[in-house]
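K.L.:
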Amino acid sequence: MATIQELKEQYEGLDRELPAKGEEVIDPSCLLTFQYEYPKQRSQVEIDTDEFTAVCPWTGLPDYGVLRISYVPGDSCIELKSLKYYLLSYRDVGIVQEHAVNRILNDLVAVCQPQSMKITLDYKVRGGLHTAVTVEYSQDNGGK
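Residue numbers (the numbering used here): 13 to 156.
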């Protein structure tokens, strides 16, 4: 866990170039956390964005979706600017919808070790079909 000064230095270092178009790099190393001072309280943190995008691995067509993250922090919280950069790393990645939400959950759980986390990725209609994928993690259930 970073000190306030270390977090500030890491935060300032986030302003970097995004991967080049066509470069498929999902980058969890940019994710930062900060110490949560109330781990005994079951506070629910809700984050959402309507700017999630990746591409279909078969057609190369873009998939746009609303991403909702809900978690109960353990000892650390996700720093939001780093989360934004992490999500932007999906923009040109060919990944199926069902895999994207699971990958995001795995990466976020690894970095912040929450008590629980639920992620829903609700994709915009494409080809007349609507898809929403939800995945959950709980320390109480051994990560399932």
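Glycine included, each C-beta is placed from N, C-alpha and C at the ideal position. Note that this is a predicted model, so its numbers are computed, not measured.
Between Ala66 and Gly140, what straight-line distance do the alpha-carbon atoms span, to the nearest angstrom?
P.N.:
Locating residue 66 in the sequence shown gives position 54, counting from the first residue. Locating residue 140 in the sequence shown gives position 128, counting from the first residue. Straight-line Cα distance between these residues: approximately 18 angstroms.
K.L.:
Quick check on DSSP: helix, strand or coil for Val105?
P.N.:
Position 93 of the sequence shown holds residue 105. In the structure shown, Val105 sits in coil (DSSP, three-state: anything other than H, G, I, E or B).
K.L.:
Using only the alpha-carbon positions, how far apart do Asn118 and Gly86 sit?
P.N.:
On the sequence shown, residue 118 is found 106 positions in, with the first residue counted as 1. On the sequence shown, residue 86 is found 74 positions in, with the first residue counted as 1. Approximately 15 angstroms between the Cα atoms of the pair.
K.L.:
Who does Gly140 pair with in a DSSP beta bridge?
P.N.:
As a first step, residue 140 must be located in the sequence shown, where it is residue number 128. Beta-bridge pairing links Gly140 to no other residue.
K.L.:
In terms of residues, what are the limits of the alpha helix (DSSP H) holding Lys93?
P.N.:
Translated into the one-based positions of the sequence shown, residue 93 becomes position 81. Per DSSP, Lys93 belongs to the alpha helix (DSSP H) from Leu92 to Leu100.
K.L.:
May I ask you to report which of helix, strand or coil DSSP gives Glu49?
P.N.:
Reading the sequence shown from its first residue, position 37 is the one you call residue 49. Three-state result, Glu49: coil.
K.L.:
Comparing alpha-carbon positions, which option in Arg115, Lys130 and Glu110 lies nearest His142?
P.N.:
The sequence position of residue 142 within the sequence shown is 130, counting from 1. That would be Glu110, whose Cα lies nearest to the Cα of His142.
K.L.:
Need the endpoints of the beta strand (DSSP E) that Ile59 sits in, please.
P.N.:
Residue 59 sits at position 47 when you count from the first residue of the sequence shown. Ile59 -> beta strand (DSSP E) spans Val57 to Val67.
K.L.:
Please classify Val133: does DSSP put it in a helix, a strand, or coil?
P.N.:
Start at 1 with the first residue of the sequence shown, and residue 133 comes out as number 121. Per the sequence presented here, residue 133 reads as Leu, with Val not at that position. Note: Leu133 maps to strand in three-state DSSP.
K.L.:
Going by DSSP, which residues form a beta bridge with Pro74?
P.N.:
As a working mapping, residue 74 is identified with position 62 in the sequence shown. Per DSSP, Val67.
K.L.:
Checking the sheet assignment: what are the DSSP bridge partners for Thr146?
P.N.:
Counting from 1 along the sequence shown, the entry for residue 146 is found at position 134. Answer is Thr132.
K.L.:
Can you give me the C-alpha to C-alpha distance between Lys33 and Val105, rounded to a whole angstrom?
P.N.:
Taking the sequence shown and counting its residues from 1, one reaches residue 33 at position 21. Taking the sequence shown and counting its residues from 1, one reaches residue 105 at position 93. Note that Lys33 has pLDDT 49, beneath the 50 cutoff, so the model's placement of it is unreliable and the number below is only indicative. Near 9 angstroms, if we compare the C-alpha coordinates of Val105 and Lys33.
K.L.:
Per DSSP, Val84 is paired with what?
P.N.:
Translated into positions along the sequence shown, residue 84 becomes position 72. Beta-bridge pairing links Val84 to Ser128.
K.L.:
Roughly how many whole angstroms lie between the Cα atoms of Val123 and Val84?
P.N.:
Looking up residue 123 in the sequence shown gives position 111. Looking up residue 84 in the sequence shown gives position 72. For Val123 and Val84, the distance between alpha carbons rounds to 14 angstroms.
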